[in-house]
Amino acid sequence: MKVLNASVLSVLLYGLETWTMTKADVMTLDTFQMYALRAILDVSSLQRLRNTDIREVCYRQSTIDNTIRLRRLCWLGHVALMPEGRLCGSIWHNPKPSGWHCMRNASKCTWDSTIQKDLSFLKSSYGSVNWHNNSTSIIKDLASDWVQCQRILRGQATADVT
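For what it's worth, my numbering labels the leading residue of the sequence shown as 1084, then goes sequentially.
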């Protein structure tokens, strides 16, 4: 498990904080992770064990989707605290130009919309109305209080595994 987490998954998921992924991409990564976990346990897919049971046996291994969400939210905290002079910070802080349009065949999923989906569990803490109007300031407050941010993210991670 240590080799899988330290070597294989870290290389596989390198830089995923900036990706916008489709459901098919996540399913492909999840399939690979389950293949690796079954190979470690020497369990065939014909033995009909549930993926949740295999994850539990493998030290409560998190799903790929949850891992991606947590890493993306950690990256968001770094970006939120960046000064506007840095490229990542300036892209996130500045709104999209009014005359800007996507190409016809381009994906409609943006990093910002993906982050909004990832943050949906925080909306209940602040209320939907306040979240919509003050989401940037709430994100900056959470990012500046690292202990509170980690507590929320770890709580979400354990809630998704159980």
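C-beta atoms are modelled at their ideal positions from N, C-alpha and C, and glycine is treated no differently.
Everything numeric in this text was worked out from a predicted model, so none of it was measured.
Give me the Cα-Cα distance between residue i and residue j, rounded to the nearest whole angstrom.
| i | j | result |
| --- | --- | --- |
| arginine 1234 | leucine 1225 | 11 Å |
| leucine 1087 | glutamine 1116 | 9 Å |
| aspartate 1195 | valine 1162 | 12 Å |
| aspartate 1136 | tyrosine 1142 | 10 Å |
| lysine 1179 | isoleucine 1222 | 19 Å |
| threonine 1193 | leucine 1099 | 14 Å |
| leucine 1159 | isoleucine 1198 | 8 Å |
| proline 1166 | serine 1220 | 14 Å |
| serine 1173 | threonine 1101 | 15 Å |
| methionine 1084 | leucine 1170 | 37 Å |
| arginine 1121 | threonine 1105 | 24 Å |
| leucine 1092 | serine 1145 | 12 Å |
| leucine 1132 | threonine 1103 | 31 Å |
| arginine 1154 | methionine 1186 | 28 Å |
| serine 1090 | tyrosine 1097 | 11 Å |
| valine 1126 | glycine 1168 | 52 Å |
| alanine 1119 | serine 1190 | 30 Å |
| serine 1181 | glutamine 1130 | 56 Å |
Using DSSP with H/G/I as helix, E/B as strand and the rest coil, what is residue i?
| i | result |
| --- | --- |
| lysine 1097 | Inspection of the sequence shows that residue 1097 is occupied by tyrosine rather than by lysine. Note: tyrosine 1097 maps to coil in three-state DSSP. |
| valine 1126 | coil |
| alanine 1189 | coil |
| methionine 1110 | helix |
| tryptophan 1194 | helix |
| aspartate 1201 | helix |
| aspartate 1224 | helix |
Excluding the five sequence neighbours on either side, which residues of its own chain have a C-beta within less than 7 Å of the C-beta of residue i, listed in chain order?
| i | result |
| --- | --- |
| serine 1227 | Leu1164 |
| glutamine 1231 | Leu1225 |
| serine 1128 | Arg1121 |
Beta-carbon within less than 6 Å of residue i's beta-carbon, same chain only, minus the 5 sequence neighbours each way: which residues are those?
| i | result |
| --- | --- |
| aspartate 1113 | Ile1147 |
| arginine 1152 | Asp1201 |
| valine 1138 | Contrary to the premise, residue 1138 reads as arginine rather than valine in this sequence. Contacts found: Gln1144. |
Residues in its own chain within less than 8 Å of residue i by CB, not counting five upstream and five downstream?
| i | result |
| --- | --- |
| valine 1262 | Since the displayed the chain opens at 1084 and closes at 1245, residue 1262 lies outside it and no answer follows. |
| valine 1246 | Here the chain comprises residues numbered 1084 to 1245, so residue 1246 is not present and cannot be evaluated. |
| leucine 1095 | Leu1112, Phe1115 |
message: If we require 4 or more residues per run, which alpha helix (DSSP H) segments fall completely within the region 1114-1186?
response: As far as the region 1114-1186 is concerned, its whole alpha helix (DSSP H) runs of at least 4 residues are 1134-1140, 1147-1164, 1170-1176.
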